[in-house]
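Scroll down for the structure; my scribbles are underneath it.
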Amino acid sequence: MSFKYKFQKILSIKETEKQRALEAYQLTVKQFEEVAEKLYHYLKQKEDLESIQLQKLSVGLNVTEIKHHQTFITNLEKTISHFQNLVASARQNMLGQEAQLLEKNIEVKKYEKLKDKQQEDFQELVSAADNRLMDEISIQQYMNKES
72 MSFKYKFQKI LSIKETEKQR ALEAYQLTVK QFEEVAEKLY HYLKQKEDLE SIQLQKLSVG
132 LNVTEIKHHQ TFITNLEKTI SHFQNLVASA RQNMLGQEAQ LLEKNIEVKK YEKLKDKQQE
192 DFQELVSAAD NRLMDEISIQ QYMNKES
């Protein structure tokens, strides 16, 4: 007599759902990292450009070059603002997927814990049945020796 978990199919489905949630979460993390890296790149580019502009201003720079740099920096700030919004959106998406993954993980743990409990109960029943059988055999052997 072997143990058969009556909710095994449900557990398998929940594990599959958990795996899908994990894959979706990993995808959103990757997307977040990509957008965050682009934002970092643009922030670094702006910082470098401002540093170069300060160096050139100390040496001397004509008005058209200053205007050109300011226009470029303004466009870069718009791009940075756009990517900040994308990063915030990607972060929200990632946190939502993380919450779903956590929920799926909790569901799987519940079914695994239930399985462990039922398996323990089954082992106790088997052990009790074995003990009763051994007691009966002992009693029969004792009775056979007495006769």
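Just so we're on the same page, our numbering is the position in the sequence shown counted from 1, plus 71. Yeah, the Cβ is synthetic: ideal placement off N, Cα and C, and Gly gets one too. If you're wondering where the values come from, they're calculated on a predicted model, not measured in any experiment.
For residue 170, the number of other beta carbons within 10 angstroms of its own is below 16, and it is reported as exposed. Residue 208 and residue 174 have their C-alpha atoms some 51 Å from each other. For the pair residue 211 and residue 192, the Cα-to-Cα distance works out to about 29 Å. In its chain, beyond the 5 residues on either side, 99, 102, 103, 106, 107 have a beta carbon closer than 8 Å to the beta carbon of residue 161. The three-state reading of DSSP puts residue 77 in coil, since its state is none of H, G, I, E or B.
The way I'd put it, the segment 108-118 doesn't touch the segment 75-86; fewer than three beta-carbon pairs between them come closer than 8 Å. In the three-state scheme derived from DSSP, where H, G and I count as helix and E and B as strand, residue 122 is classed as helix. Judged by their CB atoms, residue 140 and residue 155 are not nearer to each other than the 7 Å cut-off. When the five nearest sequence neighbours on each side are left out, the beta carbons in the same chain lying within less than 6 Å of the beta carbon of residue 92 are those of 171, 172, 175, in order along the chain. Annotation: residue 218 is outside any alpha helix (DSSP H) and is labelled neither H nor E by DSSP. Check the Cα spacing between residue 89 and each of 153, 126, 165, 178: the tightest is with 178.
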